[in-house]
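Student:
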DNA sequence: TTGTATTAACGCATTATTACGATGTACGGG
DNA sequence: CCCGTACATCGTAATAATGCGTTAATACAA
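Take a look at the structure:
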């Protein structure tokens, strides 16, 4: 997208944006939901479940791993992915904090 | 970003992803925080505050308007942007619902 | 009417993202 | 050891996003 000027924003703002961006793709939402639904670490029947090619899934998994929300452990010939519970909670808290800012003060004053 | 295959995902998943993606840029995070901090609808001293050119800010504002999280009303020669409180709450609830999925069942089983 | 200020729209160059085929690596079965 | 399975990585085409210069469009002031 052309280069993003991260240097003019605060570390917090960039962090938040990176997290949001990582979640900003339906395939990655689907992957997370699927991993949770299966209740156990799922390898790549994700390729079977979602209609995407294996390299594409692998790429999305890597992006999710980048923000730490999932982790993968080698399980023989396949790889086992699961939610990093600690990180999941941490991200949940962070987003919650963001949305807990009082957005009501403006309302009614003008718009 | 290359085409995203939205047709193979559910409407909910696509909606969530679009919301996350819209928030996935530090400038847009900064804009929201600034609007909230000022407690009143701020026009484009955003251009002064953030170090980005006016057309760039305008573009980010449009993307935020696209997901409905802010609204803009004409105020004489300038435009007044503020949080759409209802939408803000709605998005907050939606993200909360997503993160309220029980992610703990997997943990301990394997990874 | 003629500026002036504030935004939006358009278009361009640059960089990122998505998706996938081809290729490489690692493991286990035979 | 060889082969098939399961993934990751590389390379590439297509497309989307950033950022900004330039150009309208609109409202207000003089």
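Residue numbers (UniProt numbering), protein chains in the order written: chain A, 1 to 111; chain B, 1 to 111. No residue lacks a Cβ here, since even glycine has one placed at the ideal position from N, Cα and C. Here the structure is a predicted model, which is why all the values come from computation and not from measurement.
Determine whether the Cβ of residue 60/A lies closer than 7 Å to any Cβ atom of chain B.
Tutor: No, no contact with chain B.
Student: How many angstroms separate the CA atom of residue 52/B from the CA atom of residue 91/A?
Tutor: Straight-line Cα distance between these residues: approximately 28 Å.
Student: For a test of the three-state rule: what should DSSP assign to residue 77/A, helix, strand or coil?
Tutor: In the structure shown, residue 77/A sits in coil (DSSP, three-state: anything other than H, G, I, E or B).
Student: Is the number of C-beta pairs between the region 54 to 64 of chain B and the region 18 to 29 of chain B that are closer than 8 Å three or more?
Tutor: They touch, by the three-pair rule.
Student: How many whole angstroms separate the CB atoms of residue 30/B and residue 101/A, which I take to be in contact at a CB cut-off of 8 Å?
Tutor: Contact doesn't hold; Cβ gap of about 13 Å is too wide.
Student: For a contact defined as C-beta to C-beta under 7 Å, what are the partners of residue 16/B on chain A?
Tutor: Near residue 16/B (Cβ distances below 7 Å), the residues of chain A are 29.
Student: Of all the CB atoms in chain B, is at least one closer than 7 Å to the CB of residue 95/A?
Tutor: Interface residue, yes.
Student: Out of 46/B, 69/B, 99/B and 8/B, state which residue places its alpha-carbon closest to the alpha-carbon of residue 58/B.
Tutor: It is 46/B whose Cα lies nearest to the Cα of residue 58/B.
Student: Considering only C-alpha positions, which residue in the set 71/A, 6/A, 17/A and 7/A is nearest to residue 94/A?
Tutor: Nearest option by C-alpha distance: 17/A.
Student: Checking the sheet assignment: what are the DSSP bridge partners for residue 8/A?
Tutor: Partner(s): none; residue 8/A has no beta bridge.
Student: Would you kindly report the start and end of the unbroken alpha helix (DSSP H) that includes residue 3/B?
Tutor: From DSSP, residue 3/B is part of no alpha helix (DSSP H); its letter is neither H nor E.
Student: Under 7 Å Cβ to Cβ from residue 15/B, same chain only, skipping five residues before and after it: list those, please.
Tutor: Taken in chain order, the list of residues that qualify is empty.
Student: Suppose you measure from the CA of residue 78/B to the CA of residue 41/B; what does that come to, to the nearest Å?
Tutor: Those two C-alpha atoms are separated by around 11 Å.
Student: Hey, does residue 55/A have any beta-carbon neighbour from chain B nearer than 7 Å?
Tutor: It does not: the Cβ of residue 55/A has no partner Cβ on chain B nearer than 7 Å.
Student: Anything in chain A within Cβ reach of residue 34/B, meaning under 8 Å, just list it in chain order.
Tutor: Going along chain A, no residue has its Cβ under 8 Å from residue 34/B, so there is no contact; the nearest lies around 10 Å.
Student: Could you check if residue 26/A is buried or exposed, using at least 16 other CB atoms within 10 Å of its CB as the buried criterion?
Tutor: Residue 26/A comes out buried.
Student: Could you tell me the alpha carbon to alpha carbon distance between residue 69/A and residue 76/A, rounded to whole angstroms?
Tutor: Their Cα atoms are separated by approximately 23 Å.
Student: So what's residue 36/B in DSSP terms, helix, strand or just coil?
Tutor: Residue state, collapsed to three classes: helix.
Student: Apply the 10 Å Cβ neighbour rule to residue 74/A and answer buried if 16 or more other Cβ atoms are within range, or exposed otherwise.
Tutor: That one is exposed.
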